[in-house]
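So in my numbering, spot 335 of the sequence shown is number 362, and the numbers just go up one at a time.
The beta carbon of each residue, even a glycine, is placed where N, CA and C say it ideally should be.
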Amino acid sequence: MSDVAPLIEEPTEAEEERKTSYLELFFDLVFVFAFTQVTALILEDTSVEGFLRAALVLAMVWWAWSAYAWMTNAIDIENTVTRLIMFAAMAAGFFMALAVPDAFQDEAAWFAVAYFVVRVLQTTLYAWGVRGDAGNLRAVVRLAPWFLGAALVALAGGFVDPDYRAWVWLASLVIDVVGTLTVARQEWRVSPSHFAERFALIVIIALGESIVAIGIGTSSLERDTTYALSVVVAFAGVAALWWAYFDFTAVAAERSLRGASPAARGPLARDVFTYFHYPIVLGIILYAVAAKKTLEHPVDPLSVAGRWALGLGIAIFLCAFALMRFRVVRRVAWERLAAAAVALVVAIALDGTDAIVTLGVVILIVVLSVAVETARLHDLRAALRAG
Numbered sequence: 028m029s030d031v032a033p034l035i036e037e038p039t040e041a042e043e044e045r046k047t048s049y050l051e052l053f054f055d056l057v058f059v060f061a062f063t064q065v066t067a068l069i070l071e072d073t074s075v076e077g078f079l080r081a082a083l084v085l086a087m088v089w090w091a092w093s094a095y096a097w098m099t100n101a102i103d104i105e106n107t108v109t110r111l112i113m114f115a116a117m118a119a120g121f122f123m124a125l126a127v128p129d130a131f132q133d134e135a136a137w138f139a140v141a142y143f144v145v146r147v148l149q150t151t152l153y154a155w156g157v158r159g160d161a162g163n164l165r166a167v168v169r170l171a172p173w174f175l176g177a178a179l180v181a182l183a184g185g186f187v188d189p190d191y192r193a194w195v196w197l198a199s200l201v202i203d204v205v206g207t208l209t210v211a212r213q214e215w216r217v218s219p220s221h222f223a224e225r226f227a228l229i230v231i232i233a234l235g236e237s238i239v240a241i242g243i244g245t246s247s248l249e250r251d252t253t254y255a256l257s258v259v260v261a262f263a264g265v266a267a268l269w270w271a272y273f274d275f276t277a278v279a280a281e282r283s284l285r286g287a288s289p290a291a292r293g294p295l296a297r298d299v300f301t302y303f304h305y306p307i308v309l310g311i312i313l314y315a316v317a318a319k320k321t322l323e324h325p326v327d328p329l330s331v332a333g334r335w336a337l338g339l340g341i342a343i344f345l346c347a348f349a350l351m352r353f354r355v356v357r358r359v360a361w362e363r364l365a366a367a368a369v370a371l372v373v374a375i376a377l378d379g380t381d382a383i384v385t386l387g388v389v390i391l392i393v394v395l396s397v398a399v400e401t402a403r404l405h406d407l408r409a410a411l412r413a414g
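Given below as structure tokens:
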């Protein structure tokens with residue numbers, strides 16, 4: 028209890044009433060499609076460079092979506108002008124998503140131009156939406172040069188030689204990150220419940236898309252015992268990821284943000300949600316890749332790329348929670364760190380084992396770690412869930 032008592036605070040009426048809108052959910056579907064398109068990028072190139080490039084593209088798309096999550100948390104989107112601009116951003120985002128698999132091919136300009144439009148529209152709409160809010164407006168004005176500069180560099184990356192494209196886009200991402208670190212966010216006024224809900228919903232939609240990928244992966248399997256076992260194991264993995272996030276972490280993240288002082292909410296929201304939720308989504312994407320490869324040939328050994336996708340996906344996913352917990356309460360999540368290390372080692376070591384067995388063992392490691400954590404933090408978990 029001592030770990031979280033300072034974090035729990037009665038929410039204001041406005042915070043309790045504000046919920047994620049249908050327009051925001053509609054908008055999120057486009058970006059989750061872009062997230063899942065990264066799986067195609069990975070499957071096209073399963074080398075180390077391919078994994079790194081895919082993680083970079085996902086980071087760019089994640090940053091663009093996160094910027095809109097901050098924006099919709101601060102402005103009124105229930106008006107005609109804002110809706111029309113949001114629809115325009117969704118259209119650009121859809122073009123961006125469609126171009127993700129070709130981000131490092133000759134048609135990369137489609138991705139770069141669409142990404143540029145998405146970023147410019149967000150910054151413009153944000154500045155217009157908070158024009159009557161002095162605090163948020165000052166923060167937007169200070170961040171705008173960084174965001175627009177990053178967008179321009181990203182645009183240029185679509186037209187350079189493919190050998191240098193990743194470096195240009197990495198520079199764009201660095202500009203974004205440095206901008207948020209150098210501009211104080213104490214002036215941001217965050218609506219905690221709404222903000223946490225947006226990120227929780229993007230995680231659950233990403234998990235839903237993983238189920239879709241698993242379903243597609245089973246389409247070529249003969250309907251027999253192997254088919255049934257493969258579906259059960261792959262689905263159990265998605266369920267375990269859901270449990271690891273929503274049973275405890277999602278509630279703790281929302282409570283910590285709600286209990287923080289107004290001045291501390293901006294930096295806390297930036298770190299816990301914008302920064303540390305990225306590896307959560309990346310882990311889900313990598314798991315989807317591994318599950319798809321498993322279901323293609325469940326009784327054959329999982330390929331090297333598939334085992335790395337599985338091990339890294341689970342390890343990154345679990346380590347993200349350790350980062351979040353340490354940021355909030357300065358405590359180390361030993362159960363999740365240990366499970367991350369074991370999952371990575373086991374996934375890589377099970378060379379020659381049936382793919383469905385490898386997947387099942389790694390999932391069991393996740394389940395056991397969550398079970399141990401639930402037992403050890405029983406009282407803390409109950410207190411958080413009770414508010």
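Under the three-state reduction of DSSP, P325 is assigned to coil, being neither helix nor strand. CA-CA distance, A139 to A183, rounds to 8 Å. The secondary-structure analysis by DSSP pairs D381 across a beta bridge with P328. Scanning K319, V145 and R165 for the CA closest to the CA of A154 turns up R165. Residue state for S288 is assigned as coil, using DSSP reduced to three classes. Positions of the beta strand (DSSP E) runs, each at least 3 residues long and wholly inside the segment 66 to 135, cannot be given because no such run exists. In the DSSP annotation of this structure, the continuous segment of the alpha helix (DSSP H) that includes V372 starts and ends at W361 to A376. In the three-state DSSP reduction, F348 falls in the helix class (H, G or I). Contact between L309 and L85 holds, since their C-beta atoms are separated by about 6 Å, short of 8 Å.
Contact between H221 and N100 is confirmed by a C-beta separation of about 6 Å, below the 8 Å threshold.
By alpha-carbon distance to M87, the top candidate from Y49, P172, A370 and A193 is A193. A119 has its alpha-carbon roughly 5 Å from the corresponding atom of A141. Under the DSSP assignment, S237 falls in the alpha helix (DSSP H) whose first and last residues are P219 to G244. Inclusion of E362 and E400 in the CB contact set at 7 Å is warranted, their separation being smaller than that value. Taking the Cα positions, V355 is about 43 Å away from D327. Here M113 really is in contact with L50; their C-beta atoms are around 6 Å apart, less than 8 Å. Here DSSP, grouped into helix, strand and coil, assigns D203 to helix.
In this structure A280 is in contact with V299, their Cβ atoms being roughly 6 Å apart against a cut-off of 8 Å. For V355, the secondary structure class from DSSP, reduced to helix, strand or coil, is helix. Using a 10 angstroms sphere on the CB of V316, the tally of other CB atoms reaches 16 or more, which defines it as buried. In this structure, the alpha-carbon of T301 lies about 43 Å from that of D251.
T245 and I229 have their C-alpha atoms roughly 25 Å apart. For V187, no alpha helix (DSSP H) encloses it, and the DSSP letter there is neither H nor E. Rounded to the nearest whole angstrom, the C-alpha separation of V359 and L404 is 13 Å.
With fewer than 16 other Cβ atoms inside 10 Å of its own Cβ, F186 counts as exposed. In this structure, the straight-line span from the alpha carbon of R292 to that of V217 is close to 6 Å. For the pair A198 and V180, the CB atoms are nearer than the 7 Å cut-off. With respect to the C-alpha of A94, the residue from D378, A277, Y254 and D203 having the closest C-alpha is D203.
Taking the Cα positions, T253 is about 15 Å away from I241. In this model, L284 and R110 are separated by some 28 Å (Cα to Cα). Each of L56, I69 and L52 was checked against the Cα of K319, and the nearest Cα belongs to I69. A370 is not a Cβ neighbour of G333, given a cutoff of 7 Å.
In the assembly as shown, Q132 is an exposed residue. Its beta-carbon has fewer than 16 other beta-carbons within 10 Å. Pairing W137 with A402, the inter-Cα distance amounts to about 50 Å.
Its Cα nearest to that of A336, the residue V373 stands out among L350, V373 and L407. For V157, the three-state secondary structure derived from DSSP is coil.
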